[in-house]
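**Student:** Sequential numbering from 86 applies to the sequence shown in our numbering. Here a beta-carbon is modelled for each residue, glycine too, at the ideal position from N, C-alpha and C.
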Amino acid sequence: MRQEALSSLLSARDVRDLADRLSIRPTKTLGQNFVVDANTVRRIVRVADLTPEDVVVEVGPGLGSLTLALLEAVDRVVAVEIDPVLAAELPATVAARGRPGTSFEVVLADAVQLAELPGPPPTALVANLPYNVAVPVLLTMLARFPSLRQGLVMVQSEVADRLVAPPGSRTYGVPSVKTAWYASAKRAGSVPPPVFWPVPRVDSGLVSFTRRPAPETTAGREEVFALVDAAFAQRRKTLRAALAGWAGSPAAAEEALRAAGVDPSVRGEQLGVADFARIAAHRPGGARAAGEPAGTP
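1) When the Cα of V144 is compared with those of A123, T178, A209, which residue comes out closest?
2) Output needed for V163: all residues of its chain with C-beta closer than 6 angstroms, excluding positions within five of it in sequence on either side, in chain order.
3) Could you give the distance in angstroms between the alpha-carbon of T178 and the alpha-carbon of N124?
4) If I measure Cβ to Cβ from A196 and keep anything under 6 angstroms in the same chain, skipping five residues before and after, which residues do I get?
5) Taking DSSP's pairing of strands, which residues face F294 in a bridge?
6) Give me, in chain order, the residues of the same chain whose beta-carbon lies closer than 8 angstroms to that of R297; leave out the 5 immediate sequence neighbours on both sides.
7) Helix, strand or coil: which one does DSSP assign to A375?
8) If you draw a straight line from the C-alpha of S261 to the C-alpha of V159, how long is it?
9) If you run the structure through DSSP and keep just helix, strand and coil, what is E308?
10) Could you spell out where the beta strand (DSSP E) holding A209 opens and where it closes?
11) Going by beta-carbon coordinates alone, are V358 and A265 separated by less than 8 angstroms?
12) Can you grab the Cα-Cα spacing for the pair A172 / P146, in whole Å?
13) Tell me whether the stretch 315-324 and the stretch 340-358 touch, counting them as touching only if at least three CB pairs, one residue from each stretch, are closer than 8 angstroms.
14) For D122, I'd like the list of residues in its chain whose CB is within less than 6 angstroms of its CB, leaving aside the five on either flank, ordered along the chain.
15) Here's a check: name, in chain order, each residue in its chain whose Cβ is nearer than 8 angstroms to the Cβ of P156, leaving out the five neighbours to either side.
16) Where A133 and R363 are concerned, what is the direct C-alpha to C-alpha distance, given to the nearest angstrom?
17) Based on the DSSP secondary-structure assignment, which residues constitute the bridge partners of S188?
18) Run through DSSP, which three-state label would E339 get?
19) Spatial neighbours of L107 within its chain, please: C-beta separation below 7 angstroms, excluding the five flanking residues on both sides.
20) Going by DSSP, what residues sit across from W282 in a beta bridge?
21) Since R244 is in the alpha helix (DSSP H), which residue starts that stretch and which ends it?
22) Closest to E307 by C-alpha separation, out of R128, E339, K263, V284, would be which residue?
23) Out of A336, L342, P277, V284, which has the shortest C-alpha to C-alpha gap to L291?
24) Note down, in chain order, each residue of its chain lying with its Cβ closer than 6 angstroms to the Cβ of T381, except the 5 sequence neighbours on either side.
25) With DSSP as the reference, please indicate the residues paired to S289 in a beta bridge.
26) Who are the Cβ neighbours of A90 in its own chain at under 7 angstroms, not counting the five residues just before and after it?
27) In whole angstroms, what is the alpha-carbon distance linking E424 and W331?
28) Check whether the Cβ atoms of L224 and L233 lie closer than 8 angstroms to each other.
29) Is it true that the CB of D314 sits closer than 8 angstroms to the CB of V259?
30) I'd like the list of long-range same chain contacts for G353, defined as Cβ closer than 7 angstroms, with 5 residues on each side in sequence excluded.
31) L237 and A273: beta carbons closer than 8 angstroms?
32) Go to V140, then tell me how far its beta strand (DSSP E) extends in each direction, as first and last residue.
As structure tokens, then:
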């Protein structure tokens, strides 16, 4: 991180004063918990391992605590904020406290509905994601912006566990598989409740990810994801039973599984993303024509 001309980060008092002036009260509906500790946001930026050339997209910037820390390390940040009052105030906060010579834009939008961002394509996602929409926001950003090569997100601790869980573990499920389609993810630390306002009742966790190629398959992403949803909808059933609706019958499910080299008696929680990609390619009547690009979204 650059040591010269650092931003004037928000203190706990600054956050509360800003919120009072704007008549902002954090809401559970929007999953708002503002970070009020400067050491925490600098730690997030440090762990994110950014370069000055990175174009960072931040979802849910709130009052700007993490935004200002990001602008100490990179030259451009694009923030996506759903709250119009917060979105309107952010540029003034950055202008008053941000490092000179940096570029900042805020987009008023629901990140799950976001189709595009202004300026150069983003290369990194760094965000304190709203608890109630963390998984859909992360998956949406990874799907819509293939230029994202890395990132670090702060989420509820149990969500962090699900995002990084390996096959066969208790927390492995749909978020684990879908995240693995896009990236390699791992836990990058914990964040205690007292650094937030209001103080949440749960711990938070940091998850870092690095983009990787999608598994080779003749099935598209949506086809693979539909299979994953079906496999975990009845996670205690064998795949032969759980995928009967997806394939058309238990016998058809067994045929597809055997064609993919998967034992029909196993459960979905035992398979990795590459296994699901292979199975999806053998769905009766659902495989892509030969010659279409592998892993096409």
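**Tutor:** The structure says:
1) A209
2) V142, E190, L202
3) 19 angstroms
4) V144, V165, V222, listed in sequence order.
5) DSSP lists G236, A270 as the beta-bridge partner residues of F294.
6) Y267, A268, S269
7) With a pLDDT of 31 at A375, under the threshold of 50, the modelled position of this residue cannot be trusted, and the question is left open.
8) 29 angstroms
9) helix
10) Counting along the chain, A209 sits inside the beta strand (DSSP E) bounded by residues 209-213.
11) yes
12) 9 angstroms
13) yes
14) Counting only Cβ-Cβ distances below 6 angstroms, and skipping sequence neighbours, we find V280.
15) Sequence inspection shows Leu at residue 156; the Pro mentioned does not correspond to that position. Taken in chain order, the residues that qualify are S92, V162, V179, G183, R184, T187, F189.
16) Going by C-alpha positions, A133 is about 33 angstroms away from R363.
17) R161
18) DSSP places E339 in helix when its eight states are reduced to three.
19) So the list reads V170, E174, once near-sequence residues are dropped.
20) Under DSSP, W282 shares a beta bridge with F119.
21) Reading off the sequence, residue 244 comes out as Val, not Arg. It spans 242-249 - the alpha helix (DSSP H) in which V244 sits, taken as one unbroken run.
22) Closest by alpha carbon: K263.
23) P277
24) At T381 the pLDDT is 38, less than 50, meaning the model places this residue with poor confidence; the figure from the coordinates comes in the next sentence. Correct list, in chain order: G305.
25) Q241, V276
26) Here the model assigns A90 a pLDDT of 47, short of 50, so the residue's position is not dependable and the matter cannot be decided.
27) Summary: the structure shown does not reach residue 424, with the chain confined to residues 86 through 382, and so no result is reported for it.
28) For L224 and L233, no; Cβs fall outside 8 angstroms.
29) Pairing V259 with D314 gives a Cβ-Cβ distance under 8 angstroms.
30) A316, F317, R320, L324, A327
31) yes
32) 140-144 is the extent of the beta strand (DSSP E) around V140.
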